[in-house]
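Since the structure comes first, as C-alpha cells, the remarks are kept for the end.
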Amino acid sequence: MTLLLSIQGAGDNWATAAWKERFQRRLPDKKVVLAGQDQFDPALVRFAAVWKPTPGLLASLPNLKVIFNLGAGVDALLADQTLPDVPLVRAVSRDLTQRMTEYVTLHVLLHHRRLPMLQAAQRERVWMARDQWAAGDVRVGVMGLGELGRDASEVLLRLGFRVNGWSRGPRDVAGVTSFHGDDGLKAFLMVTDILVVLLPLTTETRGILNRGLFQQLARDGVLGAPVLINAGRGGLQVETDIISCLDDGTLGAVTLDVFETEPLPAASALWGHPGVLLTPHNAADSDPGAISDLIVKQLLAYERGEPLMNVVKRATGY
Ligand code: NDP
Ligand code: OXD
359 MTLLLSIQGA
369 GDNWATAAWK
379 ERFQRRLPDK
389 KVVLAGQDQF
399 DPALVRFAAV
409 WKPTPGLLAS
419 LPNLKVIFNL
429 GAGVDALLAD
439 QTLPDVPLVR
449 AVSRDLTQRM
459 TEYVTLHVLL
469 HHRRLPMLQA
479 AQRERVWMAR
489 DQWAAGDVRV
499 GVMGLGELGR
509 DASEVLLRLG
519 FRVNGWSRGP
529 RDVAGVTSFH
539 GDDGLKAFLM
549 VTDILVVLLP
559 LTTETRGILN
569 RGLFQQLARD
579 GVLGAPVLIN
589 AGRGGLQVET
599 DIISCLDDGT
609 LGAVTLDVFE
619 TEPLPAASAL
629 WGHPGVLLTP
639 HNAADSDPGA
649 ISDLIVKQLL
659 AYERGEPLMN
669 VVKRATGY
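For the sequence shown, position 262 matches number 620 in this note's numbering, and the numbering has no gaps at all.
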C-alpha cells in the first residue's frame with residue numbers, strides 16, 4: 359500500500375520533507391511517497407494526503423480509496439473537476455482549532471482595546487488616553503458556527519464579549535445567540551460590532567463580504583464603526599468594497615488573513631491602507647506533527663473497517 363503526499367503551500371509549515379518524515383515515521387510498514395519527487399506505481403496508491411494537489415493528479419490513481427485534506431478548507435480541492443468520487447476527509451484537529459481561536463481572540467481584543475490607534479500614537483510620542491470599553495459593551499458576530507467558530511465563540515464569551523453566531527442551519531452553542539440562513543442574516547448583522555468570518559468558500563458564500571453586507575452592520579456600537587475580521591477564505595470578500603467602505607467610514611477597521619489572490623499582489627491597496635491589518639494566511643497553520651497524527655489514526659481505523667470522520671459533503675461544498 360502506498361500513501362501519496364501532494365503538497366503545494368506557501369508557508370514554512372508546508373515544507374514537504376517534514377510531512378513525508380512525519381507520515382513515514384507513523385506508518386513504518388507502508389510506502390510514503392511525494393508527488394513530483396518520488397517514483398511510485400499509481401495502481402498501488404490507496405490513500406492520498408494533500409494540500410492543493412495538481413488538478414488531475416488524484417484522478418490518475420485507479421485504486422484510490424480515501425483522500426485526506428491536510429487543512430480544514432476544501433474549496434481548492436473541490437475546484438478540481440476531475441476529483442474522484444471517493445470519501446474526502448478534512449482536517450478537524452484540536453491543534454488547528456486552538457490556533458484559530460488564538461488568532462480570532464488576538465484580533466478581536468486588539469480592535470476592542472484600540473491597539474492600532476495606540477501604536478500610531480506611540481510612533482508620534484502622543485499620550486492618547488482615550489476611552490476603553492468593557493468587553494460586555496461589544497457585540498461580536500461570528501459567521502460560521504462550525505468547528506472553528508464554536509471554539510472561538512466560547513473563548514470570546516469567557517472574556518465577556520456578547521457573542522452572536524450565524525450558520526446555514528440552526529445551531530445551539532451555549533451562551534451564543536444564534537441566527538441562521540438568509541432569513542437570519544439581516545437580524546444578525548444589525549447586532550454586530552465586530553464581524554468574525556469563519557465560513558467555508560462555497561457557491562453560496564463566494565463574495566458574501568461586500569458593501570451591501572457591510573452597510574447592514576450595527577452603527578450604534580461603542581467602537582464607532584464596525585470591524586471586519588476574515589480568516590475564512592479570500593473568495594468570500596470583495597476587496598474593492600472593503601477598501602471603499604474603509605475610506606467612507608462604513609467599516610472602521612479590518613483584519614484580513616485571506617485574500618482574493620494569494621500571495622497578496624504587491625500592487626494591492628490593502629498593503630498600505632491605514633485601516634487594514636493583514637497576515638499571510640497563517641491564522642491556523644496545519645502542523646505536520648498534529649495533522650499527520652490525526653490522519654494516520656483515521657487511515658488505520660479505516661483499514662480496520664471503522665467509519666471515517668469529518669467526511670466532506672460534496673453537495674454543500676464543505
Ligand atoms: P465547518 O464546516 O466546521 O463550519 C462551517 C460553518 O459555516 C458552519 O457553521 C456552517 O453552517 C457555516 N456555513 C457554511 N455555509 C454557509 C452558508 N451558506 N450560510 C451560512 N453559514 C454557512 O468548518 P470549520 O469551522 O472547520 O472551518 C471554516 C473555514 O475556515 C474553512 O472552510 C476554511 O476556509 C477556513 N480556515 C482558514 C484557516 C486559515 O488559516 N485562515 C485555517 C483553517 C480553516 P452549518 O453549521 O449550518 O453547517
Ligand atoms: C485550512 C487553511 O483550510 O489553512 O486549513 O486555510
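Where is the CB? At the ideal position from N, CA and C, for every residue including glycine.
**OP:** Can you have a look at LEU475 and say buried or exposed, based on whether 16 or more other CB atoms are within 10 angstroms of its CB?
**Re:** Translated into positions along the sequence shown, residue 475 becomes position 117. It should be pointed out that residue 475 corresponds to Met in this sequence rather than to Leu. Classification of MET475: exposed, given that the 10 Å Cβ count is below 16.
**OP:** My understanding is that ASP541 touches THR459, with C-beta atoms under 8 Å, so please give their C-beta distance in whole angstroms.
**Re:** Numbered from its first residue, the sequence shown carries residue 541 at position 183. Numbered from its first residue, the sequence shown carries residue 459 at position 101. Not quite, the Cβ-Cβ distance comes to about 29 Å (not below 8 Å), so this is no contact.
Original post:
Between which two residues does the alpha helix (DSSP H) harbouring VAL462 extend?
Top reply: As a position in the sequence shown, residue 462 is number 104, starting the count at 1. Counting along the chain, the alpha helix (DSSP H) containing VAL462 begins and ends at 452 to 470.
Subject >> Shell residues, 5 Å Cβ cut-off relative to heavy atoms of the ligand OXD >> reply: GLY429, ALA430, GLY431
**OP:** Mind listing, in chain order, the continuous alpha helix (DSSP H) runs of no fewer than 4 residues lying wholly within the segment 363 to 433?
**Re:** 374 to 384
**OP:** Would you mind sorting ARG520 into buried or exposed? The rule is 16 or more other CB atoms within 10 Å of its CB.
**Re:** Residue numbering aside, residue 520 sits at position 162 when the sequence shown is read from its first letter. Buried, by the Cβ-count rule.
Original post:
Pick from THR637, THR598, GLY592, ALA642: whose alpha carbon is nearest that of GLU618?
Top reply: As a first step, residue 618 must be located in the sequence shown, where it is residue number 260. Out of THR637, THR598, GLY592, ALA642, GLY592 has the C-alpha closest to the C-alpha of GLU618.
Subject >> Any non-hydrogen atom of the ligand NDP closer than 7 Å to GLU562 Cβ >> reply: On the sequence shown, residue 562 is found 204 positions in, with the first residue counted as 1. Yes, Cβ of GLU562 sits closer than 7 Å to a heavy atom of the ligand NDP.
Original post:
Buried or exposed: which applies to ALA589, given that a residue is buried once 16 or more other Cβ atoms fall within 10 Å of its Cβ?
Top reply: Along the sequence shown, read from residue 1 onward, the residue named residue 589 stands at position 231. When all chains shown are included, ALA589 counts as buried.
Subject >> Spatially closest choice to LEU657 from LEU454, VAL390, ALA611, LEU622, by CA coordinates >> reply: Position 299 of the sequence shown holds residue 657. When only C-alpha atoms are compared, the closest one is VAL390.
Subject >> Close Cβ partners of LEU515 (< 6 Å) along its chain, the five nearest in sequence each way excluded >> reply: Stepping through the sequence shown from its first residue, residue 515 is reached at position 157. Within the same chain, LEU515 has close Cβ partners VAL521, GLY533.
**OP:** Could you tell me which uninterrupted alpha helix (DSSP H) segments, each at least 4 residues in length, are contained entirely in the segment 505 to 579, listed from first to last along the chain?
**Re:** 505 to 516, 539 to 548, 569 to 572
Original post:
By DSSP, does VAL654 sit in helix, in strand, or in coil?
Top reply: In the sequence shown, the residue the question calls residue 654 occupies position 296. Residue state, collapsed to three classes: helix.
**OP:** Would you tell me roughly how many angstroms separate the C-alpha atoms of ALA478 and LYS388, rounded to the nearest one?
**Re:** Position 120 of the sequence shown, counted from the start, is the residue given in the question as residue 478. Position 30 of the sequence shown, counted from the start, is the residue given in the question as residue 388. Near 55 Å, if we compare the C-alpha coordinates of LYS388 and ALA478.
Subject >> Sequence-distant residues of its chain with Cβ nearer than 6 Å to ALA641 (five each side left out) >> reply: In the sequence shown, the residue the question calls residue 641 occupies position 283. The answer, listed in chain order, is MET458, TYR461, ALA589, ASP615.
Original post:
Can you tell me the Cα-Cα spacing of TRP377 and ALA545, whole angstroms?
Top reply: Your numbering for residue 377 matches position 19 in the sequence shown. Your numbering for residue 545 matches position 187 in the sequence shown. In a straight line, the C-alpha of TRP377 is about 44 Å away from that of ALA545.
Original post:
THR598 lies in the beta strand (DSSP E); which residues open and close that run?
Top reply: Stepping through the sequence shown from its first residue, residue 598 is reached at position 240. First-last for THR598: 597 to 605, but that is the alpha helix (DSSP H), not the beta strand (DSSP E).
Original post:
In three-state terms, what does DSSP make of GLY582?
Top reply: Your numbering for residue 582 matches position 224 in the sequence shown. If DSSP states are grouped into helix, strand and coil, GLY582 belongs with coil.
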